[in-house]
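Quick note: the sequence shown uses this note's numbering, first residue 1, plus one each step. No residue lacks a Cβ here, since even glycine has one placed at the ideal position from N, Cα and C. What you are looking at is a predicted structure, and each value in this text was computed from that prediction instead of being measured. Each remark here refers to the structure printed beneath this line.
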Amino acid sequence: MKKIFSTAIIVFMLMLACPLIMENTADAAKYKSTMSQKVGKKRYYASILGQRNVGKQKLRIVLYNLNVTYKKKKKVIVKKIAKNTTGVFVTNKEYIYYSQVRGAKNAFYRYNIKTGKRDKIFKEAKAAICGYGNGIIYYGIYNKDYETGTGLNAFCYNVKTRAKTNIVNNVDDIIYQSGHVFALGAKNEPSNTNIYVYGKLGKNGKVLGKALSIKIKKKKILAMEYKAGKIPKQRVVSYSFNGKKKKVLVDWTANSKKINKVYK
Numbered sequence: 001m002k003k004i005f006s007t008a009i010i011v012f013m014l015m016l017a018c019p020l021i022m023e024n025t026a027d028a029a030k031y032k033s034t035m036s037q038k039v040g041k042k043r044y045y046a047s048i049l050g051q052r053n054v055g056k057q058k059l060r061i062v063l064y065n066l067n068v069t070y071k072k073k074k075k076v077i078v079k080k081i082a083k084n085t086t087g088v089f090v091t092n093k094e095y096i097y098y099s100q101v102r103g104a105k106n107a108f109y110r111y112n113i114k115t116g117k118r119d120k121i122f123k124e125a126k127a128a129i130c131g132y133g134n135g136i137i138y139y140g141i142y143n144k145d146y147e148t149g150t151g152l153n154a155f156c157y158n159v160k161t162r163a164k165t166n167i168v169n170n171v172d173d174i175i176y177q178s179g180h181v182f183a184l185g186a187k188n189e190p191s192n193t194n195i196y197v198y199g200k201l202g203k204n205g206k207v208l209g210k211a212l213s214i215k216i217k218k219k220k221i222l223a224m225e226y227k228a229g230k231i232p233k234q235r236v237v238s239y240s241f242n243g244k245k246k247k248v249l250v251d252w253t254a255n256s257k258k259i260n261k262v263y264k
């Protein structure tokens with residue numbers, strides 16, 4: 001019997017493993033969220049340490065080290081910048097913003113790539129960075145459903161005023177781009193959940209529709225929708241940032257190649 005590989009299942013399993021990995025974070029198209037970034041002849045990357053219990057925070061989380069590697073006289077050099085980070089970091093190739101698990105609260109830092117200097121910005125329990133743009137740090141706080149692999153509460157922090165704003169609760173994904181905050185409702189099995197869109201500081205929120213996963217491409221929201229059944233199917237639709245324009249790009253299909261051609 002021919003095996004059918006469902007794109008929806010694969011995407012969902014990645015979300016369970018890394019609910020905070022975000023993409024397309026932008027600050028005038030300069031900042032992005034990543035786990036690996038080359039700057040000149042050096043590469044900055046997150047290396048996995050494994051799951052750890054953070055007793056004071058009553059949290060079990062996958063921890064990473066933030067490293068830099070480069071060659072010196074044909075020898076490969078690896079240096080650790082920070083230990084026990086949450087994996088994803090945000091960079092514009094001049095600065096790196098990252099979060100580090102430390103005791104009762106996690107600390108958020110800005111690291112100067114050129115000088116090696118780091119500045120502590122603020123602390124927050126059970127928190128991990130998602131993005132940065134225009135002086136605002138976007139982050140998630142794991143909620144009570146973290147042990148099931150789903151659910152975080154989304155916040156933003158104004159570096160200048162030190163004001164914190166709760167954007168939306170119980171979501172899996174947070175994306176910041178072009179002055180908008182996008183989020184997707186949490187799930188613990190493959191299903192469609194709400195697509196949320198907010199203004200820069202988490203204001204003027206609305207629901208655009210439902211999807212299994214979302215990504216931003218060419219100033220449009222791409223949403224992959226899921227239909228359960230004996231043979232699960234998916235389709236891909238696009239939304240304008242204001243939600244007024246919706247277009248089906250790939251209609252319902254079990255062919256993952258058709259989906260991946262558009263949703264990649």
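N194 vs G185 beta-carbon contact at 7 Å: Inclusion of N194 and G185 in the CB contact set at 7 Å is warranted, their separation being smaller than that value.
Residue burial classification, E124 (beta-carbon count within 10 angstroms, cutoff 16): When all chains shown are included, E124 counts as buried.
Whole beta strand (DSSP E) elements within the region 90-160, 3-residue minimum: If we require 3 residues or more, the beta strand (DSSP E) runs fully inside the region 90-160 come out as 95-100, 106-112, 118-124, 127-133, 136-142 and 152-158.
Per-residue burial, S36 [other beta carbons within 10 Å of its own, 16 or more giving buried]: By the beta-carbon neighbour count (other beta carbons within 10 angstroms, threshold 16), S36 is exposed.
Beta carbon of I129 nearer than 7 Å to that of V39: The Cβ-Cβ distance between I129 and V39 does not fall below 7 Å.
Residue from G131, V237 and R162 with nearest C-alpha to A154: Comparing Cα-Cα distances from A154 to each of G131, V237 and R162, the minimum goes to G131.
Close-in-space but distant-in-sequence residues of the same chain around C18 (CB under 6 Å, 5 per side omitted): Annotation note: pLDDT 41 at C18 (below 50); position unreliable, coordinate value reported separately. Counting only Cβ-Cβ distances below 6 Å, and skipping sequence neighbours, we find nothing.
Identity of the residue in Y45, V76, K58 and V54 nearest V68 by Cα: Considering only alpha carbons, the answer is Y45.
Under 7 Å between C-beta atoms of Y263 and V236: For Y263 and V236, yes; Cβs fall inside 7 Å.
Three-state secondary structure assigned by DSSP to S178: In the structure shown, the three-state DSSP call for S178 is coil.
Helix, strand or coil at K220 [DSSP, three-state]: Correct three-state label for K220: strand.
K230 - DSSP class collapsed to helix/strand/coil: If DSSP states are grouped into helix, strand and coil, K230 belongs with coil.
Run of the alpha helix (DSSP H) containing N260, from where it starts to where it stops: Residue range S256 to V262 is occupied by the alpha helix (DSSP H) that includes N260.
Three-state class that DSSP yields for G55 in the structure shown: Helix at G55.
Element boundaries [beta strand (DSSP E), containing K206]: Looking at the DSSP string, the run of the beta strand (DSSP E) that includes K206 is K206 to A211.
Any C-beta of chain C under 7 Å from that of N65: You won't find chain C in this structure, because it holds only one protein chain.
Nonlocal neighbours in the same chain, by C-beta distance under 6 Å from E225, ignoring five residues either side: Contacts found: N192, A211 and R235.
Reduced DSSP secondary structure (H/G/I, E/B, other) of A183: In the structure shown, A183 sits in a strand (DSSP, three-state: E or B).
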